[in-house]
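K.L.:
Here the sequence shown is numbered in our numbering, starting from 87 and rising by one per residue. Even glycine gets a Cβ: it sits at the ideal position worked out from N, Cα and C.
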Amino acid sequence: IIMNSLIALLVVALAVIGADACACTQEWDPVCGRDGKTYGNMCELRCAGVRRQSRGECPCVCTADFDPVCGQDAVTYSNECIMKCMGISLRLRGQCPKTDCPCPKTLAPVCGKDGITYDNACLMRCNGARRQSRGECPEKGCPCPLNIDPVCGDDGTTYDNECLMRCKGVSLHSRGECPCACPLHIDPVCGDDGVTYDNECQMTCKGVHLQSRGQCPKVCACNLILDPVCGNDGVTYDNQCVMDCAGISLRSRGQCPKTDCPCPRIMDRVCGNDGIVYNNPCLMRCNFLSLSEERFVPSVLTDWRNHTERIIMNSLLALLVATVAVIGADACHCTKEWDPVCGRDGNTYGNMCELRCAGVRRQSRGECPCVCGANFDPVCAEDAVTYGNECIMKCMGVSLKSRGECPKTDCPCPKIMAPVCGKDGLTYDNACLMRC
């Protein structure tokens with residue numbers, strides 16, 4: 087008992103002496119204490135009365151919250167913990183001001199309305215800030231709640247809540263997260279809402295899914311009433327709606343005069359009952375018109391003023407037109423030249439010869455435009471893209487795979503070919519894809 091008491095008394099005495107003296111060397115042999123701090127060596131750890139956690143420096147464990155601070159090294163850190171982990175002391179709260187401004191290096195501190203202290207007014211203006219006061223900004227703490235109720239500041243930054251935003255001296259732009267920041271390059275895509283977006287990023291920002299790459303086909307819902315109009319491009323359209331859909335302005339109501347009739351280039355002007363003057367009767371008849379009451383228009387050629395000769399010539403011209411039409415219908419030998427024309431039947435023909443051989447009248451030069459209704463009747467194409475309806479799909483030059491929306495392809499399924507038929511009438515590569 088006496089021995090134990092002496093030992094205990096000795097331990098207490100040594101502890102008191104050690105606490106008073108605590109003379110440690112400057113040797114750097116770091117240890118991490120249970121309090122999360124790094125000590126230079128075991129002696130310093132014991133002197134602090136802390137138990138050892140591990141050998142070496144304590145690791146930095148910081149949260150991922152974004153509360154920027156500017157370190158003395160002029161670098162912006164995501165939060166103060168990360169900055170301290172790098173062994174840097176605080177310069178100011180918020181992001182570091184720009185340093186690449188053409189400003190003098192004079193030190194005349196000003197406090198901006200963004201709560202940041204700038205070395206001078208030039209640097210403040212360079213950072214797009216306005217002056218709050220002369221001198222450094224006062225330190226201010228922000229006792230904000232930790233609730234997540236995102237707001238978008240007028241600096242384009244999303245803050246977890248309005249309090250944190252106000253703490254930064256930023257005004258409210260809108261509630262909710264800030265809109266996406268997308269590149270300005272033009273790479274058009276068509277969304278499943280039928281709208282063309284400049285690029286996929288802008289489409290995704292709107293919460294819209296990809297329908298197809300490239301611009302959306304123009305969807306013009308026009309009636310089938312035949313009320314022909316002549317556009318400024320010299321093409322006859324079925325009605326004004328179809329013409330407007332093609333982006334063409336009106337030239338005149340009714341059909342455009344034909345210019346591709348097999349008629350001689352004789353100047354013997356006549357006035358048709360549509361009010362249009364034709365260079366000769368052949369061109370007028372080519373447009374399925376008859377003479378008006380003012381049968382003839384004075385011509386510059388006096389040779390043809392004899393009425394008898396005129397009747398003979400008109401008869402010969404009519405016979406020529408009929409003969410050419412019969413020969414063309416019998417022969418129908420066309421070249422493979424690609425000079426597309428759109429027929430009145432809505433089909434595109436390779437050239438005028440093929441159009442005439444089919445016995446169809448010309449609607450317009452070039453391929454037939456795609457005029458699709460706005461009805462939603464989804465189809466799945468061979469390119470695995472879902473289109474709003476079959477017409478839009480065909481306009482994109484894609485063939486039909488199945489009716490209805492395309493099945494999902496981003497399921498974690500094996501690439502095994504074991505076809506199964508779903509209750510939706512679609513064939514899936516395997517049961518996993520069907521369930522997906």
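Just curious, the alpha helix (DSSP H) that Gln218 is in, first and last residue?
P.N.:
It is not in any alpha helix (DSSP H) - Gln218 instead sits in the beta strand (DSSP E) that spans Arg217 to Arg220.
K.L.:
Determine the extent of the alpha helix (DSSP H) in which Arg489 is found, giving its start and end residues.
P.N.:
Here Arg489 belongs to no alpha helix (DSSP H); instead the beta strand (DSSP E) covers Leu486 to Arg489.
K.L.:
Distance, Cα to Cα, Val164 vs Tyr514?
P.N.:
Correcting the residue identity first, residue 164 is Ser in this sequence and not Val. Each residue's Cα considered, the two are about 48 Å apart.
K.L.:
Whose C-alpha, out of Tyr323, Val117 and Pro314, is nearest the C-alpha of Arg132?
P.N.:
Taking only the C-alpha atoms, the option nearest Arg132 is Val117.
K.L.:
Looking at the secondary structure, which residues open and close the alpha helix (DSSP H) in which Cys276 lies?
P.N.:
No alpha helix (DSSP H) contains Cys276, which is instead part of the beta strand (DSSP E) from Val275 to Gly277.
K.L.:
Which residues mark the beginning and the end of the alpha helix (DSSP H) in which Val315 is found?
P.N.:
Element bounds for Val315: not the alpha helix (DSSP H) but the beta strand (DSSP E), Val315 to Gly317.
K.L.:
Candidates Arg447, Asp200 and Cys208: which alpha carbon is nearest Leu193's?
P.N.:
Looking at the Cα atoms, Cys208 is the closest of the given residues.
K.L.:
Rounded to the nearest angstrom, what separates Val446 and Ser260 at their Cα positions?
P.N.:
About 59 Å.
K.L.:
Exposed or buried, which one is Pro269 when buried takes at least 16 other CB atoms within 10 Å?
P.N.:
Under this definition Pro269 is an exposed residue.
K.L.:
Could you tell me the alpha carbon to alpha carbon distance between Ile272 and Arg141, rounded to whole angstroms?
P.N.:
For Ile272 and Arg141, the distance between alpha carbons rounds to 56 Å.
K.L.:
Hey, how far is the Cα of Ser298 from the Cα of Glu491?
P.N.:
The straight-line gap from Cα to Cα measures roughly 14 Å.
K.L.:
Out of curiosity, what's the CA-to-CA distance linking Gly340 and Leu258?
P.N.:
Each residue's alpha carbon lies about 58 Å from the other.
K.L.:
Under 6 Å Cβ to Cβ from Ile502, same chain only, skipping five residues before and after it: list those, please.
P.N.:
So the list reads Asn516, once near-sequence residues are dropped.
K.L.:
Relative to the alpha-carbon of Tyr473, which residue among Cys171, Pro303 and Asn318 has its alpha-carbon at the smallest distance?
P.N.:
It is Pro303.
K.L.:
Let me know the secondary structure DSSP gives Gln449 once reduced to three states.
P.N.:
If DSSP states are grouped into helix, strand and coil, Gln449 belongs with the strands.
K.L.:
Does Thr290 come out as helix, strand or coil in the three-state DSSP assignment?
P.N.:
DSSP places Thr290 in helix when its eight states are reduced to three.
K.L.:
Enumerate in chain order the residues of its own chain whose CB-to-CB distance from Asn285 is below 8 Å, with the five nearest sequence positions on each side excluded.
P.N.:
Excluding residues within five positions, the ones whose Cβ falls inside 8 Å are Cys268, Pro269, His271, Ile272, Asp273, Pro274 and Val275.
K.L.:
Give the straight-line distance between the Cα atoms of Val427 and Tyr283, rounded to the nearest whole angstrom.
P.N.:
Cα-Cα distance, rounded: 31 Å.
K.L.:
Under the DSSP definition of a beta bridge, which residues are partnered with Ser260?
P.N.:
In DSSP, Ser260 forms a bridge with Cys238.
K.L.:
Tell me where the alpha helix (DSSP H) around Val427 begins and ends.
P.N.:
Counting along the chain, Val427 falls outside any alpha helix (DSSP H), though it belongs to the beta strand (DSSP E) covering Val427 to Gly429.
K.L.:
Got a sec? Which residues, its chain only, sit under 6 Å from Glu248 by beta carbon, not counting five neighbours each side?
P.N.:
Excluding positions up to five away in sequence, the list reads Val237.
K.L.:
So, under 8 Å CB-CB, Arg451 and Leu441 are touching, yes? Tell me the CB distance rounded to an integer number of Å.
P.N.:
The pair is not a contact, with the Cβ atoms about 11 Å apart (cut-off 8 Å).
K.L.:
Quick one: is Arg137 buried, meaning 16 or more other Cβ sit within 10 Å of its Cβ, or exposed?
P.N.:
Classification for Arg137: exposed.
K.L.:
Less than 8 Å between the C-beta atoms of Asn437 and Glu453, yes or no?
P.N.:
Going by C-beta atoms, Asn437 is not nearer than 8 Å to Glu453.
K.L.:
Which first and last residues belong to the beta strand (DSSP E) in which Gln139 is found?
P.N.:
Here the beta strand (DSSP E) through Gln139 covers Arg138 to Arg141.
K.L.:
Look at Gly239 and Gln218 and say whether their C-beta atoms are less than 8 Å apart.
P.N.:
Result no, Cβ atoms of Gly239 and Gln218 do not sit closer than 8 Å.
K.L.:
Near Glu468, what residues of its chain come up, given a Cβ to Cβ distance below 7 Å and the 5 sequence neighbours on each side ignored?
P.N.:
If we look at Glu468 and ignore the five residues flanking it on each side, its Cβ neighbours are Val484, Ser485 and Lys487.
K.L.:
Identify whether Ala504 lies in helix, strand or coil by the three-state DSSP scheme.
P.N.:
Reduced to three states, the DSSP call for Ala504 is coil.
K.L.:
Less than 8 Å between the beta carbons of Met172 and Val155, yes or no?
P.N.:
No, they are not a contact pair.
K.L.:
Within the continuous alpha helix (DSSP H) that includes Arg371, where are the two ends?
P.N.:
Note, Arg371: alpha helix (DSSP H), Pro367 to Cys372.
K.L.:
Using only CA atoms, which one of Gly201, Asp279 and Glu222 lies nearest to Gly255?
P.N.:
Gly255 has its Cα closest to that of Gly201, out of Gly201, Asp279 and Glu222.
K.L.:
Measure the C-alpha to C-alpha separation of Asp235 and Cys266 and round it to an integer number of angstroms.
P.N.:
About 18 Å.
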